[in-house]
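Student:
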Amino acid sequence: LDKTGTITLGNRQASDFLPAPGVDEKTLADAAQLSSLADETPEGRSIVILAKQRFNLRQRDVQSLHATFVPFTAQTRMSGINIQDRMIRKGSVDAIRRHIEANNGHFPPEVDHLVESAARQGATPLVVAEGASVLGVIALKDIVKGGIKERFAQMRKMGIKTVMITGDNRLTAAAIAAGAGVDGFLSEAT
119 LDKTGTITLG
129 NRQASDFLPA
139 PGVDEKTLAD
149 AAQLSSLADE
159 TPEGRSIVIL
169 AKQRFNLRQR
179 DVQSLHATFV
189 PFTAQTRMSG
199 INIQDRMIRK
209 GSVDAIRRHI
219 EANNGHFPPE
229 VDHLVESAAR
239 QGATPLVVAE
249 GASVLGVIAL
259 KDIVKGGIKE
269 RFAQMRKMGI
279 KTVMITGDNR
289 LTAAAIAAGA
299 GVDGFLSEAT
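This is the structure:
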């Protein structure tokens, strides 16, 4: 079974800002919001809203700042914004790691721990960077549909084995599979 829309509601929302060591949560939220201003996906809009709710960060007039938006692509697996001398990116862990290393930066091992922690809770982690520095992680949560665990238990009684297929990483997939009550899962499917 496909996870998104079948097992979960398919509407991931930003739930947390997890700052890297030496970065405060408001700095991370500010950069995450800026990188999401042109992102019309539900995830992007939820990041803007969460930053507004948590820190009263209001949407800025990026046109007056002469900002250039960097759209998400399947090749780069990241998006962002360039504002004057600031280069802010958000994306998959691997994409941001490559971006940081290409800019002669260092990807802190503590951020790997934040990514793992978010994934173990069933969230999809997005990493945010400015220049060659990692600012932290945005946790995106999807909601398991109500009553789905009971339906899978009924299917199991009928001898039907359920397997969830998702593009999420192994830890996120395992947490969602446990919450949904499926018999198995296949993660990182493309």
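Counting from 119, one number per residue, gives the positions in the sequence shown under our numbering.
Don't be surprised by glycine CBs; every beta carbon is placed ideally from N, CA and C.
#1: Based on DSSP bridge pairs, tell me the residues matched to residue 185.
#2: Which residue marks the beginning of the alpha helix (DSSP H) containing residue 286, and which one marks its end?
#3: Smallest Cα separation from residue 170: which of 229, 147, 189, 284?
#4: Based on DSSP bridge pairs, tell me the residues matched to residue 248.
#5: Tell me the rounded alpha-carbon separation between residue 295 and residue 191.
#6: Quick one, which of 135, 208, 121, 204 has its alpha-carbon nearest residue 368's?
#7: Assuming residue 290 and residue 241 make a contact with CB atoms under 8 Å, what is their CB distance in whole Å?
#8: Could you say which of 211, 142, 140 lies nearest to residue 287 if we only look at CA atoms?
#9: Kindly list the residues whose CB is nearer than 6 Å to the CB of residue 134, restricted to its own chain and excluding five residues on each side of it in sequence; keep chain order.
#10: Using the Cβ count rule (16 or more neighbours within 10 Å means buried), how would you classify residue 176?
#11: Near residue 119, what residues of its chain come up, given a Cβ to Cβ distance below 8 Å and the 5 sequence neighbours on each side ignored?
#12: Considering only residues of the same chain and omitting the five flanking positions on each side of residue 152, which have a CB-CB separation below 6 Å?
#13: Since residue 254 contacts residue 141 with CB under 8 Å, what's their CB separation in whole angstroms?
#14: Could you check how far apart the C-beta atoms of residue 293 and residue 136 are, in whole angstroms? I think they sit under 8 Å.
Tutor: Result, derived from the coordinates:
#1: Position 67 of the sequence shown, counting from 1, holds the residue named residue 185. In the DSSP output, where bridge partners are listed per residue, residue 185 has 201.
#2: For the purposes of this step, residue 286 is taken as residue 168 along the sequence shown, with counting starting at 1. That residue, residue 286, is in no alpha helix (DSSP H); it is neither H nor E in DSSP.
#3: Here the question's residue 170 lines up with position 52 in the sequence shown. Per the Cα distances, 147.
#4: Counted from its first residue, the sequence shown places residue 248 at position 130. Beta-bridge pairing links residue 248 to 206, 251.
#5: What you label residue 295 is simply residue 177 of the sequence shown in a count that begins at 1. What you label residue 191 is simply residue 73 of the sequence shown in a count that begins at 1. Approximately 28 Å, taken between the alpha carbons.
#6: Within the shown structure, residues of the chain are numbered from 119 to 308, placing residue 368 beyond reach of any answer.
#7: What you label residue 290 is simply residue 172 of the sequence shown in a count that begins at 1. What you label residue 241 is simply residue 123 of the sequence shown in a count that begins at 1. Yes, they are in contact, since the Cβ atoms of residue 290 and residue 241 sit about 7 Å apart, within 8 Å.
#8: Stepping through the sequence shown from its first residue, residue 287 is reached at position 169. Among 211, 142, 140, the Cα nearest to that of residue 287 is on 211.
#9: Translated into positions along the sequence shown, residue 134 becomes position 16. Here the set comprises 257.
#10: Residue mapping note: residue 176 aligns to position 58 of the sequence shown, counting from 1. Per the 10 Å Cβ criterion, exposed.
#11: To locate residue 119, count along the sequence shown from 1; it is residue 1. Closer than 8 Å at the Cβ level, and outside the excluded window around residue 119, lie 125, 280, 281, 282, 283, 300.
#12: Taking the sequence shown and counting its residues from 1, the one referred to as residue 152 is at position 34. Within the same chain, residue 152 has close Cβ partners 199, 206.
#13: Mapped onto the sequence shown, residue 254 falls at position 136. Mapped onto the sequence shown, residue 141 falls at position 23. Right, the Cβ-Cβ distance comes to about 6 Å (below 8 Å), so this counts as a contact.
#14: Counted from its first residue, the sequence shown places residue 293 at position 175. Counted from its first residue, the sequence shown places residue 136 at position 18. Incorrect: roughly 16 Å between the Cβ atoms, too far for contact.
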